[in-house]
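Undergrad: Here it is: the structure, laid out below.
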Amino acid sequence: MAKIIDINEENIDEQEMFCKKTKKKLPGYQSKLKWMKERFKEGLKYKLLIVKEGDKETSRGMIEYIPGEYNWRGIQTDGWMVIHCLWVVGKHKKHGHGSSLLQEAIRDAKEAGMHGVVGMSAEKGGWLPKRNIYLNNGFKKVDGMEPYFELYAYIFSDKAPKPKFYPMSDDKISEYSDGVTILYSDQCPYVVDLVEELNDEFKDKKDRLKTIKINSCKEAQQNSVYPYGTYCIICNGEKTLYVHQTRKKILQSLNE
Numbered sequence: 163m164a165k166i167i168d169i170n171e172e173n174i175d176e177q178e179m180f181c182k183k184t185k186k187k188l189p190g191y192q193s194k195l196k197w198m199k200e201r202f203k204e205g206l207k208y209k210l211l212i213v214k215e216g217d218k219e220t221s222r223g224m225i226e227y228i229p230g231e232y233n234w235r236g237i238q239t240d241g242w243m244v245i246h247c248l249w250v251v252g253k254h255k256k257h258g259h260g261s262s263l264l265q266e267a268i269r270d271a272k273e274a275g276m277h278g279v280v281g282m283s284a285e286k287g288g289w290l291p292k293r294n295i296y297l298n299n300g301f302k303k304v305d306g307m308e309p310y311f312e313l314y315a316y317i318f319s320d321k322a323p324k325p326k327f328y329p330m331s332d333d334k335i336s337e338y339s340d341g342v343t344i345l346y347s348d349q350c351p352y353v354v355d356l357v358e359e360l361n362d363e364f365k366d367k368k369d370r371l372k373t374i375k376i377n378s379c380k381e382a383q384q385n386s387v388y389p390y391g392t393y394c395i396i397c398n399g400e401k402t403l404y405v406h407q408t409r410k411k412i413l414q415s416l417n418e
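Throughout, our numbering is defined as the position within the sequence shown, counted from one, plus 162.
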């Protein structure tokens with residue numbers, strides 16, 4: 163039997179987050195914890211899927227969403243609820259748990275009098291949900307962006323303003339023309355720890371690596387470089403990586 167619980171400012175210090183929960187002492191977990199406490203003031207919702215395995219209850223999925231004005235993706239969604247992350251893992255996939263988590267966002271958006279719920283998808287890479295989870299729950303595609311990003315919305319009223327991606331700029335990307343540039347934020351604990359690892363890898367060649375931390379939702383929304391809002395690697399102003407990978411794979415890609 164599964165249940166969904168809210169993680170909020172009152173219980174977050176006693177409850178665990180889903181991502182990096184086995185590595186709570188690492189910078190990624192601690193940075194995300196601080197980030198979440200600040201976002202709760204803006205209406206962030208973070209919910210865990212709790213299942214029983216043997217005699218123990220544990221989290222095997224989660225959903226994170228926030229009012230569109232404060233979202234950390236490259237999308238224009240004022241008045242909408244925006245899903246940052248949606249995960250179900252292991253043997254608990256394909257049992258309807260993802261849909262149950264989505265329904266939490268839909269319900270909260272309705273109660274808040276919003277236009278609906280918006281989620282970003284990526285079919286070819288990254289940790290964004292695949293489009294079917296949205297299509298199977300009544301969402302419609304409302305925008306798309308190369309190389310593989312799509313925007314889906316659960317719309318309460320046809321009179322609502324259409325959610326859309328903020329435009330990207332080749333001129334902006336060209337500003338990062340020398341070496342490797344990483345744009346990142348504390349929204350994803352995996353990215354924070356990856357940046358730490360890459361900083362160690364490049365410690366003897368600091369002129370080749372520049373890390374830029376995104377510290378506000380407006381920066382994430384209107385960075386003009388990438389729509390994900392949480393993570394991007396630009397190599398010599400041309401090669402852009404959106405996909406979360408291990409340090410080894412990223413270094414291999416950059417060397418190519």
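Every residue gets a Cβ at the ideal spot worked out from N, C-alpha and C, and that includes glycine.
What does the alpha-carbon distance come out to for the pair Trp197 and Lys207?
TA: Approximately 13 Å, taken between the alpha carbons.
Undergrad: Taking the alpha-carbon positions, what's the Met179 to Cys247 distance?
TA: Met179 and Cys247: Cα-Cα distance of roughly 13 Å.
Undergrad: Report buried or exposed for Glu312, applying the criterion of at least 16 other Cβ atoms within 10 angstroms of its Cβ.
TA: With 16 or more Cβ atoms within 10 Å of its Cβ, Glu312 is classed as buried.
Undergrad: Please return the same chain residues whose Cβ sits closer than 7 Å to the Cβ of Val357, not counting the five positions on each side in sequence.
TA: Excluding residues within five positions, the ones whose Cβ falls inside 7 Å are Ile344, Tyr346 and Thr373.
Undergrad: Classify Tyr338 as helix, strand or coil using the three-state DSSP reduction.
TA: The answer is coil: DSSP assigns Tyr338 none of H, G, I, E or B.
Undergrad: Counting along the chain, where does the alpha helix (DSSP H) carrying Pro229 start and finish?
TA: Pro229 -> not in any alpha helix (DSSP H); beta strand (DSSP E) instead, spanning Lys218 to Pro229.
Undergrad: Kindly examine the ligand NAD and report whether one of its heavy atoms sits closer than 6 Å to the Cβ of Ser262.
TA: As far as ligands go, the structure on display features none, and thus does not contain the ligand NAD.
Undergrad: Do Gln177 and Ile169 have their CB atoms nearer than 7 Å?
TA: Going by C-beta atoms, Gln177 is nearer than 7 Å to Ile169.
Undergrad: Helix, strand or coil, according to DSSP, for Asp333 in the structure here?
TA: If DSSP states are grouped into helix, strand and coil, Asp333 belongs with the helices.
Undergrad: Helix or strand or just coil, what does DSSP make of Met179?
TA: Of the three classes helix, strand and coil, the one that applies to Met179 here is coil, per DSSP.
Undergrad: Rounded to whole angstroms, how far is the Cβ of Ser221 from the Cβ of Leu210, which I believe are closer than 8 Å?
TA: Confirmed, about 4 Å.
Undergrad: Can you tell which of Lys365, Glu215 and Tyr232 has the C-alpha that lies nearest to the C-alpha of His254?
TA: Answer by Cα proximity: Glu215.
Undergrad: Going by DSSP, what residues sit across from Cys120 in a beta bridge?
TA: This structure does not reach residue 120, given that the chain is present from 163 up to 418, and the question cannot be answered.
Undergrad: Which term fits Val251, buried or exposed, when burial requires 16 or more other beta carbons within 10 angstroms of its beta carbon?
TA: Looking at its Cβ environment, which holds fewer than 16 other Cβ atoms inside 10 Å, Val251 is exposed.
Undergrad: Have a look at Arg409, Lys380 and Val353 and flag the residue whose alpha-carbon is nearest the alpha-carbon of Tyr393.
TA: Ranking Arg409, Lys380 and Val353 by Cα distance to Tyr393 puts Val353 first.
Undergrad: Just to confirm my understanding: we take Gly300, look at its own chain, exclude 5 residues before and 5 after, and list those with CB closer than 8 Å. What are they?
TA: Once the five neighbours on either side are set aside, the close Cβ partners of Gly300 are Tyr316.
Undergrad: Taking only beta-carbon positions, decide if Ala315 is within less than 7 Å of chain E.
TA: Any reference to chain E falls outside this structure, which holds one protein chain only.
Undergrad: Would you kindly check if the distance between the Cβ of Gly236 and the Cβ of Gln383 is under 7 Å?
TA: It is a contact, given that the beta carbons lie within the stated cut-off.
Undergrad: Alpha carbons only, please: which of Gly190, Glu172 and Pro389 is nearest the one belonging to Asn233?
TA: Out of Gly190, Glu172 and Pro389, Pro389 has the C-alpha closest to the C-alpha of Asn233.
Undergrad: Do Val244 and Gly230 have their C-beta atoms closer together than 7 Å?
TA: Contact flag set, yes.
Undergrad: What are the boundary residues of the beta strand (DSSP E) that Tyr393 is part of?
TA: Tyr393 to Cys397 is the span of the beta strand (DSSP E), which, as asked, contains Tyr393.
Undergrad: I'd like to check one pair, Ile395 with Tyr338: are the Cβ atoms closer than 7 Å?
TA: No. Outside cutoff.
Undergrad: Count the other C-beta atoms from every protein chain shown that fall within 10 angstroms of the C-beta of Met282, then say buried if there are 16 or more, exposed otherwise.
TA: The residue in question, Met282, is buried, as its Cβ has 16 or more Cβ neighbours within 10 Å.
Undergrad: Determine the contact status of Met276 and Trp249, defining contact as a CB-CB distance below 7 Å.
TA: Going by C-beta atoms, Met276 is not nearer than 7 Å to Trp249.
Undergrad: State the start and end residues of the unbroken beta strand (DSSP E) segment that holds Ser261.
TA: Where Ser261 is concerned, there is no enclosing beta strand (DSSP E), although the alpha helix (DSSP H) it sits in stretches over His259 to Glu273.
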